[in-house]
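A quick write-up on the structure given underneath.
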Amino acid sequence: MDPEPLHERINQALGSIGALVLSDYAKGALTSVQTMIALARQADVAVLIDPKGTDFERYRGATLLTPNLSEFEAVAGKCKSEDELVERGMKLIANYDLSALLVTRSEQGMTLLQPNKAPLHMPTQAQEVYDVTGAGDTVIGVLAATLAAGNTLEEACYFANAAAGVVVGKLGTSTVSPVELENAVRGRAATGFGVMTEEELKQAVASARKRGEKVVMTNGVFDILHAGHVSYLANARKLGDRLIVAVNSDASTKRLKGESRPVNPLEQRMIVLGALESVDWVVSFEEDTPQRLIAGILPDLLVKGGDYKPEEIAGSEEVWANGGEVMVLNFEDGCSTTNIIKKIQTESEK
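First residue of the sequence shown? That's 140 in the numbering used here, and the numbers climb one at a time after it.
Right under this line is the structure:
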């Protein structure tokens with residue numbers, strides 16, 4: 140194949156990218172890999188390569204190589220210990236003028252080697268390994284995205300290791316969603332808790348029911364989290380085994396509270412809620428009320444704070460029809476997001 144059109148495409152893109160990924164499948168597309176590395180280096184763009192075969196000379200000058208353990212040992216020789224792996228890896232870095240080497244080691248995690256730095260050994264985050272197909276692609280993809288976003292190589296490896304731990308727990312060639320990666324980084328993916336999509340939540344609830352757990356659900360904007368919210372959610376959690384918090388999207392909040400709200404965007408509101416010990420699952424909804432979401436989840440107990448009557452609560456009819464309960468809890472007196480905002484505005488005007 141004529142490499143010139145590919146070189147031209149790469150050259151055109153280099154001004155607007157933060158990393159160049161070269162995944163070698165030995166099918167002929169990377170026969171001129173040295174030219175590609177040189178083009179990226181001239182543009183000061185990181186070159187990440189997932190190698191193939193035993194000729195690492197062709198990858199000379201790359202920013203990072205990501206061989207798996209068998210690929211690494213095919214070039215460096217069999218390693219009987221971590222010390223030997225580090226020693227041989229550092230020789231490869233020197234011999235081929237690499238900036239770094241990341242060896243993916245399956246159930247042993249990953250090892251990052253860089254000149255003049257201590258080796259970084261990262262244990263695997265996978266709880267169960269069903270299929271390693273595509274794990275290498277996940278690693279290099281997340282590495283590139285994280286580096287291009289301005290993170291350090293160590294930080295990028297941390298994210299890539301977390302992502303790999305997710306995909307090997309799935310059957311077949313799989314991907315990792317932003318929510319799954321966020322949960323993995325926060326250490327909650329293994330337990331199936333944290334910020335979730337609606338479909339992920341349905342699966343988590345189904346698993347909880349198989350364990351005989353009582354699922355409680357509530358909802359709200361939760362814009363500026365205060366002591367009243369924390370107390371309310373803790374009390375709601377005591378009524379069952381698992382607590383779902385459904386959160387209004389930014390657009391839904393504007394319709395409900397006005398154009399000046401929310402103060403905090405949806406992603407930040409969900410992350411803060413997910414960090415509370417009382418909260419098991421956080422999910423968002425776009426509509427004015429969570430009625431559709433509640434009808435899809437059908438919690439054992441639907442809880443709402445304030446002066447509502449049970450029959451006024453969105454989703455109550457669906458929950459009752461399914462044999463569930465609906466309950467109103469009191470909010471803590473004096474705690475209000477609106478009051479907090481007014482106080483801040485008053486203080487800023489002084």
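All C-beta atoms in this analysis are idealised placements derived from N, C-alpha and C, irrespective of residue type, glycine included.
Bridge partners of residue i, per DSSP?
i: L441; result: M356 and V465
i: G333; result: W420
i: I383; result: M356 and W420
i: N207; result: T243
i: T250; result: V242 and H260
i: I188; result: L161 and L204
Could you give the distance in angstroms between the alpha-carbon of residue i and the alpha-carbon of residue j?
i: T170; j: L310; result: 32 Å
i: I176; j: V186; result: 6 Å
i: K349; j: W420; result: 17 Å
i: V355; j: L395; result: 24 Å
i: L432; j: L178; result: 51 Å
i: Q342; j: K230; result: 47 Å
i: S399; j: L286; result: 35 Å
i: L240; j: L292; result: 11 Å
i: V418; j: A201; result: 45 Å
i: N255; j: V307; result: 32 Å
i: E456; j: K448; result: 12 Å
i: D141; j: V305; result: 38 Å
i: D194; j: V214; result: 8 Å
i: G248; j: G367; result: 42 Å
i: A345; j: G333; result: 16 Å
i: E337; j: L153; result: 38 Å
i: D270; j: C218; result: Bear in mind that a pLDDT of 47 at D270, under 50, signals an unreliable position, so the model cannot answer this.
i: T243; j: F470; result: 51 Å
i: E212; j: L372; result: 53 Å
i: H146; j: Q181; result: 13 Å
i: F129; j: N290; result: Any question about residue 129 goes unanswered here, given that the chain covers just 140 to 489.
i: V458; j: A347; result: 17 Å
i: D222; j: L208; result: 14 Å
i: E451; j: A284; result: 46 Å
i: G192; j: A375; result: 57 Å
i: S245; j: D446; result: 55 Å
i: E294; j: K393; result: 35 Å
i: Q151; j: P206; result: 28 Å
i: V184; j: L159; result: 7 Å
Thinking C-alpha only, which one of the options is nearest residue i?
i: V384; options: E426, M409, L395 and A390; result: M409
i: V360; options: E425, L382, G216 and D380; result: E425
i: T312; options: V344, E338 and T277; result: T277
i: A274; options: A257, F195 and S162; result: S162
i: S220; options: D446, F470, H260 and W459; result: H260
i: C119; options: V306, G280 and G308; result: No answer is possible for residue 119: the residues shown for the chain start at 140 and end at 489.
i: A460; options: K448, A288, G435 and L468; result: G435
i: R491; options: H146, A215 and Q173; result: Because the chain spans 140 through 489 in this model, residue 491 falls outside it and cannot be assessed.
i: G462; options: V242, T205, K353 and Q181; result: K353
i: G379; options: S370, V458, T250 and G351; result: G351
i: K377; options: P317, V411 and L468; result: L468
i: S370; options: L412, D446, E246 and K393; result: L412
i: G157; options: K191, P258, H365 and A288; result: A288
i: R381; options: N150, E416 and T205; result: E416
i: V324; options: E339, L340 and A303; result: A303
Decide if residue i is buried, meaning its Cβ has at least 16 other Cβ atoms within 10 Å, or exposed.
i: G167; result: exposed
i: S391; result: buried
i: Q253; result: buried
i: Y164; result: exposed
i: K443; result: buried
i: R148; result: exposed
i: A328; result: Because A328 carries a pLDDT of 47, less than 50, the predicted location of this residue cannot be relied on, and the following value inherits that uncertainty. When all chains shown are included, A328 counts as buried.
i: G216; result: exposed
i: R227; result: buried
i: S423; result: buried
i: A233; result: exposed
i: T357; result: buried
i: T314; result: exposed
i: D189; result: buried
i: P144; result: exposed
i: E196; result: exposed
i: P317; result: exposed
i: E319; result: buried
i: A301; result: buried
i: E210; result: buried
i: A257; result: exposed
Kindly give me the distance between the Cβ atoms of residue i and residue j, rounded to whole angstroms, as I take these residues to be in contact under 8 Å.
i: M466; j: L437; result: Not confirmed; about 15 Å, so no contact.
i: P429; j: A414; result: Contact doesn't hold; Cβ gap of about 21 Å is too wide.
i: L203; j: S238; result: 6 Å
i: N322; j: I363; result: Contact doesn't hold; Cβ gap of about 24 Å is too wide.
i: L224; j: T250; result: 6 Å
i: L405; j: D389; result: 5 Å
Closest Cβ-Cβ distance between residue i and chain C: below 8 Å?
i: T250; result: Chain labels in this structure do not include chain C; a single protein chain is all it has.
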